[in-house]
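Worksheet: one structure, shown below.
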Amino acid sequence: IIMLIALTGVGCSSPKPSFWFEGDVVVVPAADGNLIVRPKGGKPLLGRVDKANGRIQFTPQFTLLTGETYEAIFTDSNGQQTILEHTIAINAPAPRVTAIYPSASRLPANHLKFYLHFTEPMRQGKIFGHFKLTDLTSGKPVEEPFRETELWSADGKRLTLWLHPGRQKTGVNLNVDIGPVLIPNRHYTLEISAKWESQAGVALKRCARKQFVTTAADRTQPDIRQWKITTPRSRSRTALQLTFPEPLDSALL
Numbered sequence: 001i002i003m004l005i006a007l008t009g010v011g012c013s014s015p016k017p018s019f020w021f022e023g024d025v026v027v028v029p030a031a032d033g034n035l036i037v038r039p040k041g042g043k044p045l046l047g048r049v050d051k052a053n054g055r056i057q058f059t060p061q062f063t064l065l066t067g068e069t070y071e072a073i074f075t076d077s078n079g080q081q082t083i084l085e086h087t088i089a090i091n092a093p094a095p096r097v098t099a100i101y102p103s104a105s106r107l108p109a110n111h112l113k114f115y116l117h118f119t120e121p122m123r124q125g126k127i128f129g130h131f132k133l134t135d136l137t138s139g140k141p142v143e144e145p146f147r148e149t150e151l152w153s154a155d156g157k158r159l160t161l162w163l164h165p166g167r168q169k170t171g172v173n174l175n176v177d178i179g180p181v182l183i184p185n186r187h188y189t190l191e192i193s194a195k196w197e198s199q200a201g202v203a204l205k206r207c208a209r210k211q212f213v214t215t216a217a218d219r220t221q222p223d224i225r226q227w228k229i230t231t232p233r234s235r236s237r238t239a240l241q242l243t244f245p246e247p248l249d250s251a252l253l
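Residue numbers (the working numbering): 1 to 253.
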């Protein structure tokens with residue numbers, strides 16, 4: 001039970017009641033009066049008002065939303081009004097970035113996408129303001145580097161973040177007019193803002209960064225003849241091993 005004291009009142013003819021929340025139920029220790037509950041500045045919620053045993057309680061028809069601020073407004077029999085504000089606490093862990101792939105610190109200048117992995121499902125929609133790509137060699141942010149299409153895993157814990165293909169592929173209009181996103185032999189950092197929230201409304205514990213150096217563009221198709229297969233011994237539990245001569249797309253393996 002959380003005890004809360006009313007913030008404001010109108011009139012001075014009777015003492016102000018205290019309010020408290022028992023879960024989603026709002027309780028006023030008074031025998032008579034009118035009680036409504038609403039989102040702050042919004043319209044009254046649907047619900048049931050019960051009066052018994054010297055107290056009035058409001059039970060909302062639907063569960064109150066975590067992270068939202070509500071106003072309980074009590075008007076007593078003398079017309080005195082008391083208002084309480086209360087924010088429903090968010091009971092959820094703070095999300096973290098667990099991995100950014102590719103994990104390599106050297107990437108070809110025509111690199112196309114990153115995979116961002118999180119511990120919690122992340123809030124979707126208008127997410128690209130949370131990303132920043134900086135050319136550390138020049139000290140300037142890269143303008144409009146991302147393809148602003150959200151590609152999420154079914155559980156909302158992995159985002160495929162594309163660098164704009166129209167700038168990364170040669171001969172395409174954006175590549176000619178604006179230039180490529182990445183330039184060979186430069187240092188970059190990809191930053192994810194700590195203000196980004198999970199679907200539960202909790203922000204990341206801290207910002208996440210990936211630094212990398214660009215090499216020359218890689219336009220050579222992978223050659224499976226160069227892959228090395230190490231087979232396990234007969235009747236053993238050793239895993240089959242595949243060794244590649246270069247990094248491959250982790251999500252497609």
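For every residue, glycine included, the Cβ atom is placed at its ideal position computed from N, Cα and C.
Can you tell me the Cα-Cα spacing of residue i and residue j, whole angstroms?
{"i": "E197", "j": "N78", "result": "45 Å"}
{"i": "L240", "j": "L253", "result": "14 Å"}
{"i": "K157", "j": "H117", "result": "6 Å"}
{"i": "K169", "j": "A217", "result": "10 Å"}
{"i": "L248", "j": "A194", "result": "29 Å"}
{"i": "E150", "j": "R123", "result": "11 Å"}
{"i": "N185", "j": "D177", "result": "22 Å"}
{"i": "T230", "j": "L242", "result": "6 Å"}
{"i": "F74", "j": "D24", "result": "16 Å"}
{"i": "L45", "j": "I56", "result": "16 Å"}
{"i": "A94", "j": "R235", "result": "45 Å"}
{"i": "A30", "j": "G41", "result": "25 Å"}
{"i": "N175", "j": "H111", "result": "14 Å"}
{"i": "R227", "j": "E68", "result": "The residue asked about is misnamed: residue 227 is Trp in this sequence, not Arg. The straight-line gap from Cα to Cα measures roughly 55 Å."}
{"i": "D254", "j": "P102", "result": "Residue 254 falls outside the range modelled here, since the chain spans only 1 to 253, and no answer is possible."}
Mapping the DSSP letters down to three states, classify residue i as helix, strand or coil.
{"i": "H111", "result": "coil"}
{"i": "L273", "result": "Missing from the structure shown is residue 273; the chain here goes from 1 to 253 and no further."}
{"i": "G129", "result": "helix"}
{"i": "I183", "result": "coil"}
{"i": "S250", "result": "helix"}
{"i": "P325", "result": "What the structure shows of the chain is the stretch from 1 to 253, and residue 325 is not part of that stretch, so it cannot be assessed."}
{"i": "Q211", "result": "strand"}
{"i": "L242", "result": "strand"}
{"i": "R276", "result": "Any question about residue 276 goes unanswered here, given that the chain covers just 1 to 253."}
{"i": "R206", "result": "coil"}
{"i": "P145", "result": "coil"}
{"i": "D24", "result": "coil"}
{"i": "S236", "result": "coil"}
{"i": "R48", "result": "strand"}
{"i": "P60", "result": "strand"}
{"i": "T231", "result": "coil"}
{"i": "N53", "result": "coil"}
{"i": "M122", "result": "strand"}
Within a Cβ cutoff of 6 Å, which residues of the same chain sit near residue i, ignoring the five residues on either side of it in sequence?
{"i": "F58", "result": "V26, L35, V37, G47 and V49"}
{"i": "R147", "result": "W162 and H164"}
{"i": "A72", "result": "F19, V26, V37 and L84"}
{"i": "R96", "result": "T119 and K205"}
{"i": "M3", "result": "Its pLDDT being 36, under 50, M3 is placed unreliably in this model, and the value from its coordinates should be taken loosely. Excluding positions up to five away in sequence, the list reads W20."}
{"i": "K113", "result": "T160 and W162"}
{"i": "K210", "result": "I100 and L190"}
{"i": "E246", "result": "none"}
{"i": "H187", "result": "L136, T137 and V213"}
With a threshold of 8 Å on Cβ separation, who are the neighbours of residue i within its own chain once the five nearest residues in sequence on each side are excluded?
{"i": "T66", "result": "I88, A89, I90, N91, A92, A200 and G201"}
{"i": "F128", "result": "F146 and E148"}
{"i": "P141", "result": "K132, L133, T134 and D135"}
{"i": "V172", "result": "P165 and G166"}
{"i": "R106", "result": "F212, V213, T214 and T215"}
{"i": "R219", "result": "N110"}
In chain order, what residues of the same chain have a beta carbon less than 7 Å from the beta carbon of residue i, not counting five sequence neighbours either side?
{"i": "A99", "result": "H117"}
{"i": "R225", "result": "none"}
Assuming residue i and residue j form a contact by the criterion Cβ under 8 Å, report the distance between their Cβ atoms to the nearest whole angstrom.
{"i": "L182", "j": "T214", "result": "5 Å"}
{"i": "Y70", "j": "A251", "result": "Contact flag wrong, Cβ pair sits at about 42 Å."}
{"i": "A109", "j": "P180", "result": "7 Å"}
{"i": "A208", "j": "I192", "result": "4 Å"}
**OP:** Could you tell me which uninterrupted beta strand (DSSP E) segments, each at least 3 residues in length, are contained entirely in the region 62 to 115, listed from first to last along the chain?
**Re:** 69 to 75, 81 to 87, 97 to 101 and 106 to 108
Subject >> Secondary structure, beta strand (DSSP E): runs of 3+ residues fully inside the region 151 to 204 >> reply: 158 to 162 and 187 to 192
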